[in-house]
Structure formats: C-alpha cells, structure tokens
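Numbering (full-length UniProt numbering), first residue to last: 1 to 288.
Set out below in structure tokens:
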C-alpha cells in the first residue's frame with residue numbers, strides 16, 4: 001500500500017502545506033510562519049523540496065527560521081518570472097525586519113539555479129512516491145501586482161487530485177482557464193482556495209470547473225470571505241463524523257488529508273487530529 005500525507009497548518013492568514021510521500025519525500029508549499037519549520041525540526045524531518053507560490057510575507061515569513069535550524073531544502077521552486085522591479089518595491093516598502101525575509105527569498109532564488117539531480121526530477125513519479133506535478137505559472141512579464149505572479153500547483157496521486165493555490169488574482173486565474181492543461185483540474189478532491197478565500201478572488205466558472213470534494217480556506221476572519229460561495233460549489237465529504245464542504249484553519253485548526261492506494265483503488269481520509277492511521281481508512285475516491 002502506498003500513502004500520501006498532507007498537513008495544512010493553521011497560521012491565521014499565513015499559508016503552509018506539508019506533504020509526505022510513501023518513499024519519505026517531503027515537500028513544503030509556502031512557509032508563512034515559523035510553525036511549519038518548528039514542526040520539521042521537532043520531528044527530525046529533512047526537507048526535500050520547498051515551493052513558494054509568491055513572495056508575500058504571509059507566504060515566506062518562516063524562511064529565516066530555516067537558517068536558525070540550519071535547514072537547507074534540496075530543491076527550491078519559485079516563479080522565475082517574478083520581475084526585479086516588483087521585488088525592489090517590496091524591499092523599499094518593507095520594515096528592516098521584513099527586508100531580511102525578502103532578501104532571504106531572493107538569496108534562495110539565486111542560489112538554487114543548478115539542474116535538479118536525477119533522483120529528484122519531478123518528471124519521474126517514482127522519485128516522489130507516485131506523485132505527478134503540474135505547475136500553472138503566470139505568463140505576463142510586466143504585471144504590477146505581486147499576487148498575479150502566484151503559482152498554482154496540482155498534485156496527482158493515482159485517482160487523487162489536490163490543487164494548492166497562493167494568492168492567485170483573477171487575471172492569473174483567467175490564464176489558468178486558458179492553459180492547455182486546464183482540463184486536468186476538473187474534479188479535484190482538495191482545493192486550497194486562492195488568496196485565503198477572499199470574495200474578490202472568487203471565480204465562479206473556475207470553481208465550478210474544479211468541482212472540489214472539499215475546499216480549505218486559510219483565513220483569519222470571516223471578513224470579505226467567499227466561504228458560502230465555495231460551499232455551494234463544493235461536493236462535500238465526511239470529516240469527523242459529519243458532512244463538511246468547507247474547512248477553515250481559523251475554525252478547524254490544522255487540517256490533515258491522508259490518501260491510501262492499493263489494488264482496490266485510492267482512498268481519502270480527512271481529519272482534524274494529528275494521528276495518522278497505518279491501516280487503510282477513508283472513502284474510495286471513485287465512489288464519491
């Protein structure tokens with residue numbers, strides 16, 4: 001049996017998702033606080049891959065904590081098209097403490113420029129416990145909005161699909177809808193809502209196409225939230241003994257998604273406690 005374990009951290013409006021594969025590969029999608037780095041350190045976990053959707057503070061705040069623990073991910077992925085002048089604007093408007101965070105981000109962008117080693121190449125699912133990756137990257141080179149440059153990451157694990165989004169704005173989402181791989185996004189299991197589920201970033205056509213089984217919102221309040229809109233376009237899943245369509249880190253805390261795959265198919269189990277079952281539990285995806 002193969003497994004995939006996902007933890008969405010409760011960081012108020014910060015974003016961070018930890019992923020562990022069957023062959024013990026580890027991925028962190030965004031690092032919007034110190035808590036994810038503390039989690040890695042306290043559990044003696046080496047980080048194989050760090051993916052940053054975009055360099056806003058609530059998505060990169062924990063970068064400096066990596067240095068404190070002398071952690072160095074083997075792979076770093078960011079948007080290589082992020083304009084220099086936008087980075088300079090971030091620096092010029094930042095406090096002295098925040099400048100250190102942005103400088104750390106750019107130092108990592110510049111440091112990780114060598115080809116990825118064969119055993120870590122994303123093109124081979126065997127390197128990553130059966131995972132397949134699709135990255136949706138903004139195409140416009142002179143946009144003035146930092147959020148526009150957010151990456152979206154689709155992770156496929158046999159019958160499972162997980163879509164992780166940063167602060168993708170409506171222009172960004174419009175480009176995703178025009179992408180040649182857009183059909184791959186149909187019927188996702190888990191959607192990490194763009195820009196913390198804010199109403200101004202909700203695209204009805206896009207979410208209807210995704211038809212998510214469960215939507216997760218990493219928010220700090222109900223202000224300007226599109227939670228009800230996501231609820232109406234989400235299929236729903238049993239979590240903790242009750243039917244849920246939307247989970248929020250603010251109300252539900254850390255959120256755990258476990259997948260199990262064997263000859264019978266791919267099963268999903270979503271729970272709100274830390275304990276991970278070694279035995280297959282959950283519901284078969286193809287029956288949902």
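C-beta: ideal position from N, C-alpha, C; glycine also.
The residue from 43, 272, 268 and 42 with its alpha-carbon nearest to that of residue 189 is 268.
Three or more pairs of CB atoms, one per stretch, sit closer than 8 Å, so the stretch 61 to 81 contacts the stretch 26 to 39. Note on geometry: alpha-carbon atoms of residue 141 and residue 169 lie some 15 Å from one another. Here residue 93 is exposed: its Cβ has fewer than 16 other Cβ atoms, across all protein chains shown, within 10 Å. Looking at the backbone, the Cα of residue 171 and that of residue 81 are separated by about 16 Å. Contact between the stretch 152 to 162 and the stretch 259 to 267 is established, with three or more Cβ pairs separated by less than 8 Å.
DSSP places residue 60 within a helical segment (H, G or I) once states are collapsed to three. Annotation: residue 279 to residue 89 spans about 50 Å, alpha carbon to alpha carbon. Contact between residue 7 and residue 254 holds: their C-beta atoms lie close to 6 Å from each other, under 8 Å. Scanning the stretch 203 to 279 for uninterrupted alpha helix (DSSP H) segments of 4 residues or longer gives 204 to 210, 227 to 232 and 249 to 252, listed from N- to C-terminal end.
Within its own chain, the residues whose Cβ lies closer than 7 Å to the Cβ of residue 5, once the five positions on either side in sequence are excluded, are 20, 258 and 276, listed in chain order.
If you check the CB distance, residue 154 and residue 162 come in under 9 Å. Closest in alpha carbon position to residue 274, among 167, 12 and 18, is 18.
Distance from the CA of residue 53 to the CA of residue 242, rounded to the nearest whole angstrom, comes to 32 Å. As DSSP reads the structure, residue 14 sits in a beta bridge with 11. Assignment of residue 76 by DSSP, reduced to helix, strand and coil, places it in the strand class. No Cβ-Cβ contact shorter than 9 Å links residue 260 with residue 239.
Scanning its chain for C-beta atoms nearer than 7 Å, with the 5 sequence neighbours on each side dropped, one finds around residue 69 the residues 37 and 41, in chain order. Separation of the CB atoms of residue 121 and residue 113 is rounded to 16 Å, and the pair is thereby denied contact status at 8 Å. CA-CA distance, residue 187 to residue 56, rounds to 29 Å.
Its chain contains 9, 30, 31, 32 and 36 as the residues whose beta carbon lies nearer than 6 Å to that of residue 16, once the 5 sequence neighbours on both sides are disregarded; these appear in chain order. At a Cβ-Cβ threshold of 9 Å, residue 218 and residue 14 count as neighbours. Between residue 235 and residue 204, the C-beta gap is not smaller than 9 Å, which leaves the two residues out of contact. Counting only runs of 4 or more residues that sit fully inside the stretch 92 to 153, the alpha helix (DSSP H) segments are 96 to 111, in chain order. A Cβ-Cβ contact shorter than 9 Å links residue 104 with residue 63. Just so you know, the alpha carbons of residue 50 and residue 109 end up roughly 11 Å apart.
Nearest neighbour of residue 193 by Cα position, chosen from 116, 135, 270 and 167, turns out to be 167.
Partner residues in a beta bridge of residue 184, as assigned by DSSP, do not exist.
Closest in alpha carbon position to residue 59, among 251, 270, 146 and 45, is 146.
For residue 173, the enclosing alpha helix (DSSP H) starts and ends at 170 to 178. Per DSSP, reduced to three states, the secondary structure at residue 23 is coil, with no helix or strand assignment.
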